[in-house]
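Order-wise, the sequence lines are chains D and Y.
Under UniProt numbering, the first residue of the first sequence is numbered 1, with each subsequent residue one higher.
Under UniProt numbering, the first residue of the second sequence is numbered 1, with each subsequent residue one higher.
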Amino acid sequence: MSEWDSAEMMNVAAARELYDGDVCLVGVGPPNLAANLARHTHAPNCRLVYESGAIDAKPRRLPLSIGDDDLAATATAVVSVPEMFNFWVGAGRIDVGFLGAAQLDRFGNINTTVIGDHAHPKVRLPGAGGAPEIAAAARRVIVIVKQSPRTFVETVDFVSSVGYGPTGQEREAPGAGPTLVITDHGVLEPDPVTHELTMTRLHPGVTVEQAVAATGWTLKVADSIEEVPAPTEHELTVLRKLRDREPIDA
Amino acid sequence: MPSPVPLTDAVAEHVHDGDTVALEGFTHLIPFAAAHEIARQGRRHLTLVRMTPDLVYDQLIGLGVADKLVFSYGGNPGVGSLHRLRDAVENAWPHPLAVHEHSHAGLANAYSAGAARLPFAVLRGYRGTDLEQQRDIISRVTCPFTGEELAAVKAVNPDVTVIHAQLADRDGNVMLWGITGVQREAVLAADRAIVTVEEVVDEFPERTGAVILPSWVLAAVCVVPNGAWPSYAAGYSVRDNDFYQRWDAIARDRESFLAWAAENDLKESADV
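Okay, structure coming up:
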């Protein structure tokens, strides 16, 4: 078995959460790697949708942006951005949305907008993009984010995309809300009643104490915590080819 | 008449100080050359509108062209921050920048409402987000049929929209294809539209999925080959990903940014 790092483990764990046949809305960064990894391993019929308008894109190598020509050239259909958000995302035709976060709270609320006050921010982040409606309408939402006390905060400075609301009970959106949070430490899932994110799985070699230390609130840990299986040789090979932008034989 | 005119003339005639200007392009066909011409002519106090501000708005904001930004995602995709945008918002350099901030769905619908000449659009979005605090652009309405409460987003109607496209014909009609983003909506929402194109042809090719903009909805068509660089025009050029990476270092501090601007004959606006 090759050596692997925690970022690779995070991407592999995320890819495994996609099922064959899923319609997946793919964003830049780790979601892009994870979705393409899934399509080239256990989920060859995973349908990749990019918010730029490409539906059923079959990229021949990892796209660098959500608007690469290869996505349009290999897609079943290319639609306008208003159509993408109204007819496909907003109307609930997306099974899985992957989101990132600059800050995340225990009820899955996401900040990608500002650190500090919105009018006079300490740090201006890119903003919401497609995430608020993906968070609202996708049947499953998977958040991929590295776990640290700076990211996993008691209260987010700005709600860019709603999870389960300030106390975990305010969600009114049509989709299910954040169903999984996948980090470089392991996997968190919302409690079925309180919706508080609970650490249910740890990556190989990660301890509960490390996960607790990487969380800015008092982390809830499941009674029986599972270990995520290590990446297989095949998963690592495909992941690295994707990352190096080599063409992949599907 | 929208027969080809020089870009300098089109910008001089149709883009004025204080205008609301949308330079659209969702990753593809971003009108960089036209943006640089706007900066060279020294326009000031613009309200810039765009879903994905990208490098071109980082440049215009750094040059002091804009007073306000209407947007939904202001990053360098896959690379990181837009440092000139951040410097303007965080430190008011070269001067303060007001922001109106949407989600992609919200701004796409705001353009669509603008194109339809409706006052607002309706969507099932924004709920539970702090973006709703901007009540002058995002509010709520109740469906008169079902009673459902929905988000309302104020229409966006730019004074002028600028886009890049692959082709114009001799009559000044325009054709674009590939990822067509929100360009049609942004053109139809505007009072005036300028289109730069790769080339002029006698007859358009047959092409599935192309967007055609008839000449009578356009104010001016200009022939500017490679006018989307470092973004791309499908069928003509590829995205210069290296420049997107390099921009991060150029824009990171004010000195290297100003040096880049000087090298490219782009000066700061007079009263920054």
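Using N, Cα and C, we set each Cβ at its ideal position, and we do this for glycine too.
Where residue i falls: helix, strand or coil (DSSP)
i: Y:M51; result: coil
i: residue 327 of chain Y; result: No answer is possible for residue 327 of chain Y: it lies beyond the span of chain Y, which begins at 1 and ends at 272.
i: D:R240; result: helix
i: Y:N76; result: strand
i: Y:S3; result: coil
i: Y:S112; result: helix
i: Y:L63; result: coil
i: D:I55; result: strand
i: Y:A12; result: helix
i: D:F37; result: As written in the sequence, residue 37 of chain D is Leu, which differs from the Phe given in the question. Three-state result, D:L37: helix.
i: Y:L107; result: helix
i: Y:D169; result: strand
i: Y:R84; result: helix
i: D:L188; result: strand
i: D:S160; result: coil
i: D:I248; result: coil
i: Y:V272; result: Residue placement at Y:V272 cannot be trusted, given a pLDDT of 44 that sits under 50; the coordinates are not used to answer.
i: D:I144; result: strand
i: Y:I30; result: coil
i: Y:F145; result: coil
i: Y:L118; result: coil
Spatial distance of residue i from residue j (CA atoms)
i: D:A128; j: Y:Y126; result: 10 Å
i: D:A250; j: D:M10; result: Legend: pLDDT at D:A250 = 49, less than 50; position of this residue unreliable, value from coordinates given subsequently. So the two alpha carbons sit approximately 22 Å from each other.
i: Y:T52; j: D:D70; result: 20 Å
i: Y:Y66; j: D:E189; result: With the sequence shown as reference, residue 66 of chain Y is identified as Ala, and Tyr is not the correct amino acid for it. Computed Cα separation, rounded: 44 Å.
i: Y:K267; j: Y:L60; result: 10 Å
i: D:W88; j: D:I94; result: 7 Å
i: Y:G62; j: Y:R254; result: 8 Å
i: Y:W260; j: Y:I250; result: 7 Å
i: D:E170; j: D:P132; result: 15 Å
i: Y:T20; j: Y:R170; result: 29 Å
i: D:G163; j: D:F152; result: 14 Å
i: D:R61; j: Y:F204; result: 31 Å
i: Y:D248; j: Y:V79; result: 7 Å
i: D:P204; j: D:P231; result: 10 Å
i: D:T179; j: Y:A88; result: 37 Å
i: D:K220; j: D:L197; result: 7 Å
i: D:A13; j: D:E235; result: 10 Å
i: D:G168; j: Y:V200; result: 57 Å
i: Y:F71; j: Y:P144; result: 30 Å
DSSP bridge partner residues for residue i (one or two, in chain order)
i: D:Q103; result: D:N111
i: D:E226; result: D:R201
i: Y:I138; result: Y:V153
i: Y:H100; result: Y:V70
i: D:V49; result: D:L25 and D:I55
i: Y:G128; result: Y:G128 pairs with nothing; no bridge assigned.
i: D:V79; result: Partner(s): none; D:V79 has no beta bridge.
i: Y:C222; result: Y:T196
i: D:S2; result: According to DSSP, D:S2 bridges with nothing at all.
i: D:R61; result: None; D:R61 has no bridge partner.
i: D:R124; result: D:V114
i: D:L180; result: D:I142
i: Y:M175; result: Y:L167 and Y:I212
i: Y:T161; result: Y:A22 and Y:A193
Sequence-distant residues of the same chain with beta carbon closer than 7 Å to residue i, five excluded per side
i: Y:V272; result: In this predicted model, Y:V272 has a pLDDT of only 44, less than 50, meaning its place in the structure is not dependable; the value taken from the coordinates is given anyway. If we look at Y:V272 and ignore the five residues flanking it on each side, its Cβ neighbours are G64, P94 and H95.
i: Y:A210; result: M175, L176 and W177
i: D:Y19; result: A43
i: Y:F120; result: A113, A152, V153, K154 and A155
Proximity test, Cβ basis, 8 Å: residue i and chain C
i: D:L64; result: Although the question refers to chain C, the structure presented lacks it and instead comprises the protein chains D and Y.
Own chain partners of residue i with C-beta closer than 8 Å, once the 5 adjacent residues on each side are dropped
i: D:E226; result: T200, R201 and L202
i: Y:L123; result: A105, G106, N109, L150, A151 and V153
i: D:H118; result: F158
i: D:V81; result: E51, S52 and G53
i: Y:H16; result: R43 and D159
i: Y:I138; result: H102, G106, Y126, L131, E132, A151, A152, V153 and K154
i: Y:V238; result: Y232
i: Y:H14; result: V160, R192, I194, A219 and A220
i: Y:N76; result: D54, L55, D58, L82, Y244, W247 and D248
Own chain, CB closer than 6 Å to residue i, minus 5 neighbours either side, in chain order
i: Y:F243; result: P230
i: Y:Y236; result: E198
i: D:K122; result: I115 and G116
i: D:G130; result: E51
- Quick check: the region 133–146 of chain D against the region 3–20 of chain D, are there 3 or more CB pairs under 8 Å? yes
Query raised in the report: Does the region 160–167 of chain Y come close enough to the region 81–88 of chain Y to have 3 or more Cβ pairs within less than 8 Å?
Result: no
Could you say if the region 15–27 of chain D and the region 46–57 of chain D meet the contact criterion of at least three C-beta pairs nearer than 8 Å?
-> yes
Checklist entry - Contact between the region 32–40 of chain Y and the region 182–193 of chain Y: three or more CB pairs below 8 Å? => result no
- Message: I want to know whether the region 26–34 of chain Y touches the region 94–111 of chain D - three or more CB-CB distances under 8 Å.
- Response: no
Review point. Quick one: any contact between the region 231–247 of chain D and the region 127–135 of chain Y, if contact means 3 or more CB pairs under 8 Å?
Key: no
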